[in-house]
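K.L.:
Residue numbers (this note's numbering): 728 to 837. I am attaching a structure below and will ask some questions about it afterwards.
Following this line, the structure appears as structure tokens:
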């Protein structure tokens, strides 16, 4: 996978994703049409990804980096230092906090 520096997000991102953001400035709704799964995913555009918001008592973050806020709450509440994973049993919260959110589905970040 070829990476390219994104000045907007201050990190390397896949070139195909940078092209997606350029070609879809307001994002895209993806409807899953499988037999058992009828969810709609909201893949955010650049403006929505960069929108900053505040979690009371925790801090501020842009949508693309908001997992930092949620993992902070989990750590401060004395909960486990890992999050469950369907593929790897558990993932360290420090790794989850570095995740790049690209969208959401019914309040769940993608």
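Glycine residues also receive a C-beta, built at the ideal position from the N, C-alpha and C atoms. Source: prediction; values computed, not measured.
1) Taking the DSSP output, what are the residues bridged to residue 738?
2) In whole angstroms, give me the CA-to-CA distance for residue 777 and residue 755.
3) With residue 753 as the anchor, note down where its alpha helix (DSSP H) starts and where it stops.
4) Measuring alpha carbon to alpha carbon, tell me which of 787, 744, 753 and 763 ends up nearest residue 774.
5) Report, in whole angstroms, the separation of the C-beta atoms of residue 836 and residue 794, which I expect to be a contact under 8 Å.
P.N.:
Per the coordinate set shown:
1) 733
2) 16 Å
3) From DSSP, residue 753 is part of no alpha helix (DSSP H); its letter is neither H nor E.
4) 753
5) 7 Å
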